[in-house]
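Note that our numbering numbers the sequence shown so that position 15 is 30, with each residue one more than the last. Backbone N, C-alpha and C define an ideal beta-carbon position, used for all residues, glycine too.
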Amino acid sequence: MPKCSCCGRELKEKDKGRTWRECRYCGLPVCFNCTHYVGTTVRDLFGEHVEVVCVCGTCRIRK
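Here it is in structure tokens:
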């Protein structure tokens with residue numbers, strides 16, 4: 016059974032996507048209480064838009 020990489024809470028495998036996700040950069044499981052989001056600007060054929068990705072507390076970019 017996976018545990019949250021930040022708070023250590025036990026996470027159920029069947030609840031992936033409902034109560035927890037994996038960090039986009041390191042791949043560790045993170046519960047929604049500890050989840051942070053990082054927005055990046057992406058340019059493509061249709062213009063610029065912002066893509067938001069889920070990250071853990073250690074991969075979070077500090078201001």
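Residue i by DSSP, collapsed to three states: which one?
| i | result |
| --- | --- |
| K29 | helix |
| P17 | coil |
| Y52 | strand |
Is it the case that the Cβ atoms of residue i and residue j are separated by a distance below 8 Å?
| i | j | result |
| --- | --- | --- |
| E63 | T73 | no |
| W35 | C19 | yes |
Nearest by alpha-carbon distance to residue i: which of the options is it?
| i | options | result |
| --- | --- | --- |
| G54 | F61, E66, L43 and N48 | E66 |
| L43 | R58, L26 and D59 | L26 |
| R33 | S20, G23 and F47 | F47 |
| Y40 | D30, Y52 and K29 | Y52 |
| G23 | R58, C38, V45 and C69 | V45 |
Near residue i, which residues of its chain fall below 7 Å by C-beta distance, leaving aside the five closest residues on each side in sequence?
| i | result |
| --- | --- |
| I76 | V53 |
Going along the chain, which residues of its own chain have a beta-carbon closer than 6 Å to the beta-carbon of residue i, five neighbours each way excluded?
| i | result |
| --- | --- |
| V68 | R39 and V53 |
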